[in-house]
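Note sheet for the following structure.
Protein chains: 2
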Amino acid sequence: MSFDRLIERIAALENPTVAGLDPKLSYIPQELREEAYRAHGRTLEGAAAALFAFNRGLIDALCDIVPAVKPQCAYYEMYGWPGVKALHDTIAYAREKGMFVITDGKRNDIGATMEAYAAAHLGETEVEGARVTPFGADALTVNGYLGSDGIRPLLKICREKDGGIFVLVKTSNPSSGELQNLALEGGPAVYRQMGEMCEEWGRELPGRYGYSGVGAVVGATYPKELAELRQALPHTFFLVPGYGAQGGGAADVAPGFDGNGLGAIVNSSRGILCAWQKEGCPGAEYAAAARREALRMRDALRAAIGPVKLETEGSHETV
Amino acid sequence: MSFDRLIERIAALENPTVAGLDPKLSYIPQELREEAYRAHGRTLEGAAAALFAFNRGLIDALCDIVPAVKPQCAYYEMYGWPGVKALHDTIAYAREKGMFVITDGKRNDIGATMEAYAAAHLGETEVEGARVTPFGADALTVNGYLGSDGIRPLLKICREKDGGIFVLVKTSNPSSGELQNLALEGGPAVYRQMGEMCEEWGRELPGRYGYSGVGAVVGATYPKELAELRQALPHTFFLVPGYGAQGGGAADVAPGFDGNGLGAIVNSSRGILCAWQKEGCPGAEYAAAARREALRMRDALRAAIGPVKLETEGSHETV
């Protein structure tokens, strides 16, 4: 019912990194694509098979050093329902390999519709009495513009399935301030208000290590806001996009962490996925190149953040 | 590149209604479900086949009186990738029958990721040079919390494919005010600011009838805000949820329309989908019951709004 499992995995690997699985066909080595097309044709099915094969290689190469993956729904939906099947298969494979899976769907709706999204991505669906798992991730990113009606249905399923959510608070993109940085009358900016709502919602999902099951997305590209929010939202775990390709470095994300080296997980997508292209190595080595990049990122974060101390209430356990 | 096609269809049928296709298994007559299970088992595939069969019957019964359908992604995703295939099949069938399709996905992201969503739901995807259509709706609902970076990639595809978007402005749910009604310093409420952004974005997609391709979602449950926004946003076409099951009536939605009886389309989901259950008629008549309810809704809206006048710049054409 919180991010305890994620935090324990981060501590065990001493690595607060999540690998964003946003696979475009152009990131996938030619040989891997051709193999998929031979089986399924140059179709959405063929493209989807290539995505999954690419992801499987990445997961195999990363699962003992990176605690989590974050598949971004858009890159699967763009290959239609076969792409969405590849999303399902990717989630299942990553979980099988012990990784914590954050589905990046930024879903949002209300009441019964939000319950349907919660069942889809984190829970189970009933088919005439039988319970089946449609996608089965550990956490989901969500957009809180609709208020509590869009969040409460998720809290219920997070409690039942030991999952969590990350609510968009201060996003990493250049135009995020157009709405998020507007000042509210007699109050803070919109993003800060959204952050306070996360703290409030999180009271229903307390965790062992001080962080609730309601996290926040806060971009690495805004270190000032990241530091401000870390102070203001002591129970809210952060998912930090914008590292690497979007311009944030280890020093930029450090303010998102607490004194124990916890409180955030930093995403890198293209940096890891396209490492083989950046290194200029053969396609066959894409997974090894991804691992090398993931290790560089881990070491840069370790240096900037310091050691992880896993403290529960009343204990002082250092990993 | 706008809502011209939708507006023309509304005028031709004299009916500003969209049927929300949010099919839960419990809405589907037993016989229809059993038929699907015989072919596919009591599985996600079986459930998805039942959804599509149900939708096909509704589309056949509604396509000559209702201009548009709005499938809600959540109700398909909850049946996994087979459910998402049913979404695809539903969109294709409704378009084949001449209906305007609004995919209700409330998608949101930035840059290349938003381009992927735009390609997925409104455009085309390239697979090694071949262009394929993943879902191919006419319009998509989106959440604007991330600002222009999340909207511009859609505008490009709307221009190319003659489509549109509806941005969440003031949603129909009880808690929508938690963020949306907060007053900005020296300015309007958050929802009004979001509405102004729609007007601004819409300048890139002007339409023949005064409405751009950037619409807004404004709930029937807030008639005061609906009237305020109709005045303030003269080029923004409204998608109005909350009619029927959520409590809004024809008088509540009337302020969303302009003097020509245009400017909005009103959604009903459960009211139409579950009409057979409400009427207490046999399951075999579900489509006929949906049609009866759709006609009642049309007539109630016509009475509240008055005749539709289709005026382009310089012409005064009455339908």
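Line order of the protein sequences matches chains P and Y.
Every letter in the first sequence is one number past the one before it in our numbering, and letter 262, counting from 1, is 262.
Count along the second sequence starting at 1, add 319, and that's the number in our numbering.
The beta carbon of each residue, even a glycine, is placed where N, CA and C say it ideally should be.
What are the boundary residues of the alpha helix (DSSP H) that residue i is part of?
i, result
"residue 357 of chain Y", "349 to 359"
"residue 12 of chain P", "4 to 13"
"residue 446 of chain Y", "Run containing residue 446 of chain Y: none in the alpha helix (DSSP H); it sits in the beta strand (DSSP E), 444 to 446."
Since residue i contacts residue j with CB under 8 Å, what's their CB separation in whole angstroms?
i, j, result
"residue 479 of chain Y", "residue 442 of chain Y", "7 Å"
"residue 98 of chain P", "residue 44 of chain P", "Not a contact, Cβ separation roughly 30 Å."
"residue 165 of chain P", "residue 139 of chain P", "6 Å"
"residue 42 of chain P", "residue 449 of chain Y", "6 Å"
"residue 322 of chain Y", "residue 526 of chain Y", "6 Å"
"residue 569 of chain Y", "residue 620 of chain Y", "5 Å"
"residue 209 of chain P", "residue 7 of chain P", "5 Å"
What residues of chain Y sit near residue i, judged by a beta carbon separation below 8 Å?
i, result
"residue 193 of chain P", "498, 501"
"residue 135 of chain P", "396, 399"
"residue 111 of chain P", "492"
Looking only at its own chain, which residues have a Cβ that is under 6 Å from the Cβ of residue i, when we skip the five neighbours before and after it?
i, result
"residue 143 of chain P", "106, 108, 168"
"residue 153 of chain P", "114, 115, 118"
"residue 245 of chain P", "270, 271"
"residue 347 of chain Y", "369, 373"
"residue 18 of chain P", "68, 70, 265, 267"
"residue 133 of chain P", "124"
"residue 201 of chain P", "151, 214"
How is the beta strand (DSSP E) around residue i delimited, first residue to last?
i, result
"residue 215 of chain P", "214 to 218"
"residue 484 of chain Y", "483 to 489"
"residue 282 of chain P", "From DSSP, residue 282 of chain P is part of no beta strand (DSSP E); its letter is neither H nor E."
"residue 68 of chain P", "68 to 71"
"residue 100 of chain P", "100 to 107"
"residue 267 of chain P", "264 to 268"
"residue 44 of chain P", "Residue 44 of chain P -> not in any beta strand (DSSP E); alpha helix (DSSP H) instead, spanning 44 to 62."
"residue 131 of chain P", "130 to 132"
"residue 19 of chain P", "17 to 21"
"residue 139 of chain P", "139 to 142"
"residue 239 of chain P", "238 to 240"
Under 7 Å between beta-carbons, which chain Y residues line up against residue i? List them in chain order, please.
i, result
"residue 176 of chain P", "465, 466"
"residue 160 of chain P", "Neighbours of residue 160 of chain P on chain Y: none; closest Cβ ~15 Å, over 7 Å."
"residue 260 of chain P", "Residues of chain Y passing the Cβ test: none, with the nearest at roughly 31 Å."
"residue 60 of chain P", "Within chain Y, no residue comes near residue 60 of chain P; the closest Cβ sits about 23 Å away, beyond 7 Å."
List the residues of chain P whose Cβ lies closer than 9 Å to the Cβ of residue i, in chain order.
i, result
"residue 414 of chain Y", "By Cβ distance, chain P contributes nothing, its closest Cβ being about 15 Å from residue 414 of chain Y, past 9 Å."
"residue 407 of chain Y", "80, 81"
"residue 457 of chain Y", "Ordered by position in chain P, no residue passes the 9 Å Cβ test against residue 457 of chain Y, which lies about 17 Å from the chain."
"residue 473 of chain Y", "Neighbours of residue 473 of chain Y on chain P: none; closest Cβ ~12 Å, over 9 Å."
Report yes if the CB atom of residue i is closer than 9 Å to the CB atom of residue j, and no otherwise.
i, j, result
"residue 401 of chain Y", "residue 368 of chain Y", "yes"
"residue 229 of chain P", "residue 65 of chain P", "no"
"residue 419 of chain Y", "residue 439 of chain Y", "no"
"residue 179 of chain P", "residue 562 of chain Y", "no"
"residue 308 of chain P", "residue 233 of chain P", "no"
"residue 468 of chain Y", "residue 260 of chain P", "no"
"residue 275 of chain P", "residue 289 of chain P", "yes"
"residue 489 of chain Y", "residue 536 of chain Y", "yes"
"residue 560 of chain Y", "residue 538 of chain Y", "yes"
"residue 239 of chain P", "residue 151 of chain P", "no"
"residue 496 of chain Y", "residue 177 of chain P", "no"
"residue 63 of chain P", "residue 39 of chain P", "no"
Take residue i and list the residues in its own chain whose beta-carbon comes closer than 7 Å to its own, dropping the five residues that flank it on each side.
i, result
"residue 30 of chain P", "283"
"residue 409 of chain Y", "340, 371, 374, 390"
"residue 24 of chain P", "75"
"residue 287 of chain P", "57, 58, 60, 61"
"residue 600 of chain Y", "608"
"residue 285 of chain P", "276"
So which residues on chain P does residue i lean against when the C-beta distance must stay under 7 Å?
i, result
"residue 427 of chain Y", "106, 143"
"residue 361 of chain Y", "127, 128, 130"
"residue 403 of chain Y", "81, 84"
"residue 331 of chain Y", "None at all; the shortest Cβ gap to chain P is about 30 Å."
"residue 439 of chain Y", "74, 77, 78"
Please compile the residues from chain C whose C-beta is within a distance smaller than 9 Å of the C-beta of residue i.
i, result
"residue 504 of chain Y", "Protein chains in the displayed structure are P and Y, and chain C is not among them."
Cutting at 8 Å between CB atoms, please list the residues of its own chain near residue i, excluding the five before and the five after it.
i, result
"residue 184 of chain P", "190, 193"
"residue 205 of chain P", "1, 2, 155, 158, 159, 164, 212, 213, 214"
"residue 111 of chain P", "149, 153"
Chain Y partners of residue i, CB-CB under 9 Å?
i, result
"residue 46 of chain P", "446, 447"
"residue 22 of chain P", "431, 432, 435"
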